[in-house]
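Residue 1316 in this note's numbering sits at position 565 of the sequence shown; the count goes up by one each step and never skips. Heads up, the beta-carbon is just placed ideally off N, CA and C, and yes, glycines get one too. The structure under discussion appears below in the form of structure tokens.
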Amino acid sequence: MNGQETRALFDMGRAAWNDWASQVLKSKANFEEAGTLSLNWFGEGDNDETRLWLKVAKADFANERFEDAVDFEGFIFPGPVNLTGAVFERPVSFAGAEFGLSATFARVHFQADATFKAAKFSGQAVFDDALFDGVADFERAEFLKEKNGPLSHGVKFQRTRFTGKADFRSSLISGSADFSKAQFAAAARFDEARFLSDTMFEGAVFSGSAGFNAAQFLGNAGFAEAQFTGEARFAEAAFKGEVRFDRGQFWNDVSFRDARFDKPASFVDMRAEGKARFPGTKFALDATFTDARFSGEADFSAAEFGAPAIFRQSGFTGGVTFAGARFLSQADFASFSLGKTSTFAESRFEGEAVFREARFEAPVSFASAAFLAKADFSAAQSRVAFVLAGANFKAVPDFLEANFHEPPRLDNMTVADPLKRFHSWKKAGISDPRGPFFKAAKVCKDPDASAKFRRLKKLASEAQDLPREQEFFAQEFRCRRFWSDKPFGSGIGRFWLGYIYGGVANFGRSLLRPAALWLLSVVVFACFYLAARGSAASFLKWPPAAIGSPCASGTSNPILEAIYLSLRSAFLQIDWHDSINARRVFGCLYGVEPGGTPIMPLVVSSLALFQAILSAALIFLFLLALRNLLKVR
């Protein structure tokens, strides 16, 4: 129908219009049954029969001006509908209307409220450059054009301006939807809307609140360079395709609480001036926030990142919380900055955690955080409190060249044993430092581990955390083995003495080991002193016959005298100015000369001297451990 015929039929009312539509649809069914109906994606005819049918089925309201309220509620449009340039001065309703083919509302001016509630668009719907001065109600509307056109989209709202509220709640859009550069001056509601294909909001402007709560995006979603002046809400939204918020600007609060991103999500160079809430959000693949700026508080608590999380060079002026967050792959915070108190408490980093050259201008806490792979804090800068209390590192963290204006808090921080046995060395680019005779020995896989522990030791010393300082000193010593200290070569003394020092005293941290060895030495040397009573032949037997024999001179007990001699030597009493005790001890054990002088065998004197030296070392190690235990500096 031409414009005049269309207007005349409309003036006859809904019943007459739908009767006509019913006849047109019957003729369409006949054409389809005959196999002569041929429509392309745009709803254009490919043969004469189809073009003839379209001429009859078309409704043309182009450039019409409706001065009174208009009611298209429940109308059926069997063919293309053209309202290009139409003007509706009063409210208009298309509620429940059905559009069988394309519906074109390009450049339409709705000067009052426009209702498309529960309308059904089976063909392409075009609202490019339309202007809605009142409420635009598309609640529960269905846009069913499933496939994307060669050069177009199933739904088009390019450059559309919504002066009043725009309501798309629970709407269904089957094909691609293009809202690029659309302007929403008031509230925009897309809550629980379903976008089954790609959706574009590039350059769109939301001056009022924007609601996408529980919306579903099954295709790619593009919000690049979109601007949100009011609050933006994406809580519980599901993004099944790739998402881009690159260079997007949020001038108010934004929420992605419990949102789900199944494909890569990009927030490169975005700006959030208000609060940014991502609690419980799950990113299944890459989440990229490179160069993002958060001026208000940011909340990523309990968020989960299943693939690399890139926050490189991002800035959190208002502080951020990642409390309880899980990073299942790499977490890259290189060169990022914090402006207010922030926390990563109880977060879990299962991949490499990179905080290289990060700047912490406010207190930050990693209390009870777990780092299951490499942690790189090299060249990081912190001006105030930096808390690592209770943090657990599976690999030695790298704080080389890090600068802390206040000593970090390291209470109960733990680092897993860096030394392991490698029966097959597989570190690329670095050869096995162990020689051919030490393949079974433990070694640190990281050649820089000793330097990293040395830096940790210095940080612990500055924080006056003696237990951590001792621990890091011990690990530094151990990690030097085979890399800097060789068993036969440079550092040979440090290599073997380190083994002894670690085994005997746990690097100055064990009271029990030197005390137990001291007591054991008393018993062992007492046995030697008893054994020295017999001949060389009997000395080689065990137990020597001399142990059970009576005193050579006197009535004392040789076993007790041997223990006394061993204890005296163990307490560094190797001089015998007391002739009475010397005559009793040595006389009982070894006899006396004809002149009455007790016999003191050379081997016994040598053993006593050696025992005194050994005991002195064990006593020193015991006192050193006691000093460390009592934190006596």
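Asked: Own chain residues within Cβ distance below 8 Å of P1184, not counting five before or after; Found: V1194, P1198, F1233 and W1234
Asked: Whole-number beta carbon distance between A955 and S747, since they are thought to touch under 8 Å; Found: The chain is shown only over 752 to 1384; residue 747 falls outside these bounds and no answer can be derived.
Asked: Short Cβ contact (8 Å threshold) for L1340 with E1312; Found: yes
Asked: Spatial neighbours of A1118 in its chain, beta-carbon cut-off 6 Å, leaving aside the 5 residues before and after; Found: A1096, V1138, A1140 and G1141
Asked: N-terminal and C-terminal residue of the alpha helix (DSSP H) that T801 is part of; Found: D799 to A808
Asked: 8 Å Cβ cutoff met for A1136 and E1112; Found: no
Asked: Helix, strand or coil at S1286 [DSSP, three-state]; Found: At S1286 the pLDDT is 48, less than 50, meaning the model places this residue with poor confidence and gives no usable figure here.
Asked: Neighbour-count burial assignment, D918, 16 or more Cβ in a 10 Å radius; Found: buried
Asked: Rounded straight-line distance, which links the Cα of F1337 to that of A1277; Found: 13 Å
Asked: Segment limits, alpha helix (DSSP H) that includes K1208; Found: A1200 to E1213
Asked: Cβ pair F1073, S1086 closer than 8 Å; Found: no
Asked: Assigned secondary structure, A1313 (DSSP; H/G/I helix, E/B strand, else coil); Found: helix
Asked: Presumed contact (8 Å Cβ cut-off) between G905 and A928, rounded CB distance; Found: 7 Å
Asked: Residue range of the alpha helix (DSSP H) that includes Q1226; Found: L1217 to C1230
Asked: The segment 790–804 / the segment 764–772 touching (three or more Cβ pairs under 8 Å); Found: no
Asked: Beta-carbon proximity of F883 to R858, cut-off 8 Å; Found: no
Asked: Collapsed DSSP secondary structure at P1265 in the structure displayed; Found: helix
Asked: Status (buried if at least 16 other CB within 10 Å, exposed otherwise) for N833; Found: buried
Asked: Where the alpha helix (DSSP H) through I1370 begins and ends; Found: L1353 to L1380
Asked: Strand pairing of G962, partner residues [DSSP]; Found: R940 and R984
Asked: Pair within 8 Å by beta-carbon distance, L1210 and F1128; Found: no
Asked: Three-pair Cβ contact test at 8 Å for the segment 803–811 versus the segment 855–869; Found: no
Asked: Local Cβ density within 10 Å of A1287, reported as buried at 16 or more and exposed below that; Found: For A1287, the predicted model reports a pLDDT of 41, less than 50, meaning its position is unreliable and no value from the coordinates is stated.
Asked: G915 vs G885 beta-carbon contact at 8 Å; Found: yes
Asked: Rounded straight-line distance, which links the Cα of L1372 to that of A1010; Found: 59 Å
Asked: Supposed contact pair G992 and A961 - C-beta distance, whole angstroms, cut 8 Å; Found: Not really, about 20 Å apart at Cβ, beyond 8 Å.
Asked: Ordered list of alpha helix (DSSP H) runs contained in the segment 815–874, each at least 4 residues; Found: none
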